[in-house]
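Q:
There are 2 protein chains.
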Amino acid sequence: MKTTRADPQPADFTDVRATNLAVVLRHLRAHGPSSRAAIAASTGLNKATVSSLTGDLIRQRLLRESGLTSNRIGRPGTTLALDGSAYAAIGLQVSADRLTALAVDFAGDQLLLWHRAFDGEPATTGAGRAVSAIAALAQRAATRVRQQGRQVLGLTVAVPGLVADGGTVRLSPPLGWSDVDLRGLLSGSLRQPGLDVAVANHAGLAAVAELRYGGHQVELDLTYVSGVAGVEAGIVVDGRLLHGSRGFTGQIGRFALGTAGSPTLQDLAGVEPLVRRALPGFDPESLTDLAPAVEQVAVLARSGDPGALAALGDTGRHLGQGLALLANLVNPELIVLGDHYAALAEWLIPAAEAELTRNTLAPDAGGVRLTASSLGLHAAALGGAVSHLDRVDTGSLPAKR
Amino acid sequence: MKTTRADPQPADFTDVRATNLAVVLRHLRAHGPSSRAAIAASTGLNKATVSSLTGDLIRQRLLRESGLTSNRIGRPGTTLALDGSAYAAIGLQVSADRLTALAVDFAGDQLLLWHRAFDGEPATTGAGRAVSAIAALAQRAATRVRQQGRQVLGLTVAVPGLVADGGTVRLSPPLGWSDVDLRGLLSGSLRQPGLDVAVANHAGLAAVAELRYGGHQVELDLTYVSGVAGVEAGIVVDGRLLHGSRGFTGQIGRFALGTAGSPTLQDLAGVEPLVRRALPGFDPESLTDLAPAVEQVAVLARSGDPGALAALGDTGRHLGQGLALLANLVNPELIVLGDHYAALAEWLIPAAEAELTRNTLAPDAGGVRLTASSLGLHAAALGGAVSHLDRVDTGSLPAKR
Numbered sequence: 002m003k004t005t006r007a008d009p010q011p012a013d014f015t016d017v018r019a020t021n022l023a024v025v026l027r028h029l030r031a032h033g034p035s036s037r038a039a040i041a042a043s044t045g046l047n048k049a050t051v052s053s054l055t056g057d058l059i060r061q062r063l064l065r066e067s068g069l070t071s072n073r074i075g076r077p078g079t080t081l082a083l084d085g086s087a088y089a090a091i092g093l094q095v096s097a098d099r100l101t102a103l104a105v106d107f108a109g110d111q112l113l114l115w116h117r118a119f120d121g122e123p124a125t126t127g128a129g130r131a132v133s134a135i136a137a138l139a140q141r142a143a144t145r146v147r148q149q150g151r152q153v154l155g156l157t158v159a160v161p162g163l164v165a166d167g168g169t170v171r172l173s174p175p176l177g178w179s180d181v182d183l184r185g186l187l188s189g190s191l192r193q194p195g196l197d198v199a200v201a202n203h204a205g206l207a208a209v210a211e212l213r214y215g216g217h218q219v220e221l222d223l224t225y226v227s228g229v230a231g232v233e234a235g236i237v238v239d240g241r242l243l244h245g246s247r248g249f250t251g252q253i254g255r256f257a258l259g260t261a262g263s264p265t266l267q268d269l270a271g272v273e274p275l276v277r278r279a280l281p282g283f284d285p286e287s288l289t290d291l292a293p294a295v296e297q298v299a300v301l302a303r304s305g306d307p308g309a310l311a312a313l314g315d316t317g318r319h320l321g322q323g324l325a326l327l328a329n330l331v332n333p334e335l336i337v338l339g340d341h342y343a344a345l346a347e348w349l350i351p352a353a354e355a356e357l358t359r360n361t362l363a364p365d366a367g368g369v370r371l372t373a374s375s376l377g378l379h380a381a382a383l384g385g386a387v388s389h390l391d392r393v394d395t396g397s398l399p400a401k402r
Numbered sequence: 002m003k004t005t006r007a008d009p010q011p012a013d014f015t016d017v018r019a020t021n022l023a024v025v026l027r028h029l030r031a032h033g034p035s036s037r038a039a040i041a042a043s044t045g046l047n048k049a050t051v052s053s054l055t056g057d058l059i060r061q062r063l064l065r066e067s068g069l070t071s072n073r074i075g076r077p078g079t080t081l082a083l084d085g086s087a088y089a090a091i092g093l094q095v096s097a098d099r100l101t102a103l104a105v106d107f108a109g110d111q112l113l114l115w116h117r118a119f120d121g122e123p124a125t126t127g128a129g130r131a132v133s134a135i136a137a138l139a140q141r142a143a144t145r146v147r148q149q150g151r152q153v154l155g156l157t158v159a160v161p162g163l164v165a166d167g168g169t170v171r172l173s174p175p176l177g178w179s180d181v182d183l184r185g186l187l188s189g190s191l192r193q194p195g196l197d198v199a200v201a202n203h204a205g206l207a208a209v210a211e212l213r214y215g216g217h218q219v220e221l222d223l224t225y226v227s228g229v230a231g232v233e234a235g236i237v238v239d240g241r242l243l244h245g246s247r248g249f250t251g252q253i254g255r256f257a258l259g260t261a262g263s264p265t266l267q268d269l270a271g272v273e274p275l276v277r278r279a280l281p282g283f284d285p286e287s288l289t290d291l292a293p294a295v296e297q298v299a300v301l302a303r304s305g306d307p308g309a310l311a312a313l314g315d316t317g318r319h320l321g322q323g324l325a326l327l328a329n330l331v332n333p334e335l336i337v338l339g340d341h342y343a344a345l346a347e348w349l350i351p352a353a354e355a356e357l358t359r360n361t362l363a364p365d366a367g368g369v370r371l372t373a374s375s376l377g378l379h380a381a382a383l384g385g386a387v388s389h390l391d392r393v394d395t396g397s398l399p400a401k402r
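Written as structure tokens, this is what we have:
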């Protein structure tokens with residue numbers, strides 16, 4: 002997703018038009034249906050330009066006229082809205098025990114949300130069987146969306162761990178994968194020439210979803226912390242996901258809180274260790290799906306169970322220490338506790354906040370706030386889909402077919 | 002220095018022109034004197050556009066015609082170069098024991114480099130006396146530059162520690178300052194209305210200088226590690242300094258390598274602890290200026306002194322552990338050991354590299370390389386000056402006077 006170059010590129014009138022198309026799309030994305038006059042007033046573009054830009058976008062079926070505004074004096078104006086009928090985007094989320102597919106239309110409305118049981122571990126068979134299962138679900142989702150008459154803008158697969166720029170999973174400890182060319186294998190089995198297939202890190206995509214759909218008043222500097230497999234962070238800087246030189250960012254779970262050989266942040270503050278501690282009678286073999294266990298921890302905590310509360314307090318304190326390292330380095334405005342952490346946030350946040358403040362050099366923890374995600378367990382799938390809407394919203398309109 | 006907004010701003014032809022002015026300036030900055038034809042060929046701008054843009058820049062005295070190219074067939078072309086005669090920028094670097102002032106002209110040539118003994122600690126007198134000393138040196142540098150007939154594009158002061166967006170030093174442990182409105186105080190005492198005065202973090206400004214003058218083949222993702230006062234990092238992401246939501250980034254020295262209360266990275270890998278250990282007979286009171294002591298450590302190491310080599314090895318190992326945390330989070334392409342570390346890099350880097358690789362999740366440490374800065378002890382002052390050239394290079398030309 003790296004698009005910035007250090008050297009500016011020559012600009013021409015095409016770029017001005019792309020920028021202004023983006024301004025109109027982002028305005029409607031942020032503010033909902035608006036009249037041409039309201040778009041002009043709010044963006045600073047002149048009315049003739051807005052008419053020309055929206056004309057293009059209507060012809061491209063990215064906008065539609067949605068009705069008349071009558072709540073004003075004078076001639077009623079036509080209201081424009083994002084058009085969900087022509088395009089869709091798909092996100093697919095891979096974890097050790099299940100696949101999630103999610104599609105949204107261009108207006109951002111959810112078209113489908115499917116879960117499938119999955120065995121991510123390649124064991125002796127290589128990742129081939131796992132990739133086939135991912136491809137089959139992707140194919141079904143794309144087919145469903147097309148049957149509804151929508152063109153697929155793209156498909157992005159979210160994987161926990163290190164994903165290199167070309168879409169190769171360099172290392173995914175939760176899946177037991179290393180050097181799996183997931184993008185290449187998927188592109189091959191989907192046999193959909195021209196379909197934009199991408200693979201990216203789980204927490205990074207969840208952060209993209211959180212920025213757009215999380216309901217936060219934060220535009221630029223947000224970090225999403227995922228506890229779904231190990232502990233990973235998706236770090237948004239200046240409104241864009243922190244990519245690094247090769248795409249390997251956000252590996253906060255590897256912080257060793259101690260000298261060499263000490264336990265890491267994910268040993269001390271991971272969701273699985275927390276569940277094992279809070280539910281001592283729990284059968285470790287049944288832990289492939291953490292969600293029911295996490296729910297049980299929440300029930301115990303709500304009932305005042307001392308063991309569960311102690312485990313949550315310790316987890317929160319360690320999480321806060323780890324997040325202080327991150328806050329000292331990147332100074333986010335908001336840290337969002339995602340997926341399983343969100344369900345336990347009311348007990349984790351007080352302990353985490355105290356440690357975060359205590360261990361951050363800047364007064365008041367550099368202004369960072371901690372909150373819980375409201376996006377549930379499929380934020381990364383949503384982010385995968387949303388990333389293709391984001392690309393259109395920067396003025397890069399889909400090719401006509 | 003935060004300029005990006007999440008929402009794109011409407012563009013018009015003025016923006017196209019600013020972008021293309023930037024393209025021409027950046028081309029000449031990177032490639033040296035070039036003919037109009039060479040600029041057009043290399044940037045993709047057409048020749049008429051290049052002629053018009055360079056005409057503007059010559060009238061603004063940012064470019065000059067520097068001679069004829071004759072090493073080609075046909076009519077000799079005129080060569081254009083950055084013009085250093087009309088503008089200059091000033092950087093000022095504050096440390097606990099000295100002030101450094103540096104000025105460059107618009108062509109990037111150094112005009113002056115001054116050092117002054119300094120007592121940064123405000124003790125009982127507040128920061129007032131320190132600020133007066135800084136203002137006096139800034140005033141002298143600005144006067145000197147103006148006597149040479151150059152307009153001052155701006156002045157930036159580098160301070161170790163936390164600098165808030167408005168130029169207030171929130172916390173500088175090395176200087177013993179908290180909540181000193183340095184920008185306001187300086188602007189007041191300089192009495193130069195219209196002079197662009199800024200205050201920013203030491204390591205961040207050094208990173209800006211390193212990116213431009215370090216001689217590295219790295220455009221986008223570079224981290225500069227300063228050991229001049231504590232341990233701080235200047236993190237460049239996608240070619241821009243990582244700013245965070247309030248400007249408090251790069252505080253790598255605060256990592257506690259252990260449980261709560263453990264020594265921090267700067268306790269274990271700071272330059273001052275290293276010197277104290279490598280030179281056991283050294284008088285701590287004489288440590289206000291570390292440079293001679295650092296040189297002595299290098300001399301001992303070169304002679305094979307076991308104590309110095311052991312201290313350097315331990316420091317390098319701890320530094321590598323701290324840099325691994327940073328590499329796991331932001332995945333830089335290059336980490337540059339700056340200021341005092343640079344003088345000791347040949348002993349620090351081997352130990353640091355091994356730990357960095359061992360503690361980074363990504364194979365091969367995510368591709369990051371370690372190297373030593375060649376910019377010496379005034380990189381932050383240079384970065385302060387350069388930041389004003391950078392602003393012009395983005396197409397924001399100086400106002401005519």
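Protein chains in written order, with the numbering used here: chain H, 2 to 402; chain W, 2 to 402.
Don't be surprised by glycine CBs; every beta carbon is placed ideally from N, CA and C.
Computed from a prediction, not measured in an experiment: that's the story for all the values here.
(1) If I follow the unbroken beta strand (DSSP E) through valine 160 of chain W, where does it start and stop?
(2) Taking C-beta pairs closer than 9 Å, name the residues in chain W that aspartate 16 of chain H reaches, listed in chain order.
(3) Taking Cβ positions only, does alanine 409 of chain H come closer than 8 Å to chain W?
(4) Going by DSSP, which residues form a beta bridge with arginine 392 of chain W?
(5) Just to confirm my understanding: we take isoleucine 40 of chain W, look at its own chain, exclude 5 residues before and 5 after, and list those with CB closer than 8 Å. What are they?
(6) Here's the rule I'm using: 16 or more other beta-carbon atoms within 10 Å means buried, otherwise exposed. How should threonine 125 of chain H be labelled?
(7) Within 8 Å, do at least three Cβ pairs link the region 263 to 281 of chain H to the region 298 to 311 of chain H?
(8) Determine, using beta carbons only, whether leucine 113 of chain W and alanine 142 of chain W come nearer to each other than 8 Å.
(9) How about the region 311 to 322 of chain H and the region 349 to 356 of chain H: do they share at least three Cβ pairs that are nearer than 8 Å?
(10) Within the same chain, show all residues whose beta-carbon is closer than 6 Å to that of leucine 320 of chain W, passing over the 5 residues directly before and after it, in chain order.
(11) Ordered along the chain, which non-local residues of its own chain (more than five positions away) have a Cβ less than 7 Å from that of asparagine 329 of chain W?
(12) So, is the C-beta of aspartate 340 of chain H closer than 8 Å to a C-beta in chain W?
(13) Please work out which residues of its chain come closer than 8 Å, Cβ to Cβ, to aspartate 197 of chain H, disregarding the five sequence neighbours upstream and downstream, and give them in chain order.
(14) Specify the secondary structure class of arginine 241 of chain W as computed by DSSP and reduced to three states.
(15) Are the beta-carbon atoms of glycine 339 of chain W and tyrosine 225 of chain W separated by less than 8 Å?
(16) Spatial neighbours of threonine 169 of chain W within its chain, please: C-beta separation below 8 Å, excluding the five flanking residues on both sides.
(17) So, using beta-carbon positions, are leucine 176 of chain H and valine 160 of chain H closer together than 8 Å?
(18) Could you list which residues in chain H have their beta carbon closer than 7 Å to that of proline 273 of chain W, in chain order?
(19) Strictly under 8 Å for the Cβ-Cβ distance: is glycine 92 of chain W near chain H by that measure?
(20) Where does the unbroken beta strand (DSSP E) through threonine 224 of chain W begin, and where does it stop?
(21) For serine 397 of chain W, would you say it is in contact with chain H, using Cβ-to-Cβ distances shorter than 8 Å as the test?
(22) With C-beta atoms as the reference, is alanine 234 of chain W less than 8 Å away from leucine 327 of chain W?
(23) Have a look at leucine 22 of chain H and alanine 90 of chain H and give me their C-alpha separation to the nearest angstrom.
(24) When the Cα atoms are used, what is the spatial distance from threonine 15 of chain H to histidine 341 of chain H?
(25) Which residue marks the beginning of the beta strand (DSSP E) containing asparagine 47 of chain H, and which one marks its end?
(26) Strictly under 8 Å for the Cβ-Cβ distance: is aspartate 391 of chain W near chain H by that measure?
(27) Using only CA atoms, which one of H:Asp57, H:Thr79, H:Val17 lies nearest to arginine 37 of chain H?
(28) Can you tell me whether threonine 361 of chain W is helix, strand or coil according to DSSP?
(29) For arginine 213 of chain W, tell me which candidate among W:Asp268, W:Gly85, W:Ser375 has the shortest Cα-Cα distance.
(30) Just reading off the beta strand (DSSP E) that leucine 63 of chain W is part of, what are its end residues?
(31) Looking only at its own chain, which residues have a Cβ that is under 8 Å from the Cβ of glycine 33 of chain H, when we skip the five neighbours before and after it?
(32) If you draw a straight line from the C-alpha of alanine 250 of chain W to the C-alpha of glycine 231 of chain W, how long is it?
(33) If we count the other Cβ atoms within 10 Å of its Cβ and call it buried at 16 or more, is glutamate 347 of chain W buried or exposed?
(34) Label threonine 20 of chain W either buried or exposed according to how many other C-beta atoms from any shown protein chain fall within 10 Å of its C-beta, with 16 as the threshold for buried.
(35) Does the beta carbon of asparagine 202 of chain W come closer than 8 Å to any beta carbon on chain A?
A: Reading it off the structure:
(1) 152 to 160
(2) Ala12, Asp16, Val17, Thr20
(3) In the structure as shown, chain H starts at 2 and stops at 402, and residue 409 of chain H therefore has no counterpart that could be examined.
(4) According to DSSP, arginine 392 of chain W bridges with nothing at all.
(5) Val25, His28, Leu29, Leu46, Val51, Thr55, Leu81
(6) Because the pLDDT of threonine 125 of chain H is 46, which lies under 50, any placement of that residue in the model is unreliable, and the number read from its coordinates should be weighed accordingly. Under this definition threonine 125 of chain H is an exposed residue.
(7) yes
(8) yes
(9) yes
(10) Ala270, Ala353
(11) Thr361, Leu362
(12) no
(13) Leu154, Gly155, Leu156, His389
(14) strand
(15) yes
(16) Asp180, Val181, Asp182, Leu183, Arg184, Gly185, Val200
(17) yes
(18) In the sequence as displayed, the identity of residue 273 of chain W is glutamate instead of proline. Chain H residues near glutamate 273 of chain W: none, gap ~18 Å exceeds 7 Å.
(19) no
(20) 223 to 227
(21) no
(22) yes
(23) 20 Å
(24) 45 Å
(25) Counting along the chain, asparagine 47 of chain H falls outside any beta strand (DSSP E), and DSSP gives it neither H nor E.
(26) no
(27) H:Thr79
(28) coil
(29) W:Ser375
(30) Looking at the DSSP string, leucine 63 of chain W is not in any beta strand (DSSP E), and its letter there is neither H nor E.
(31) Ala82
(32) Looking at the sequence shown, residue 250 of chain W is not alanine but threonine. Cα to Cα, threonine 250 of chain W sits roughly 14 Å from glycine 231 of chain W.
(33) exposed
(34) buried
(35) No chain A is present in this structure, whose protein chains are H and W.
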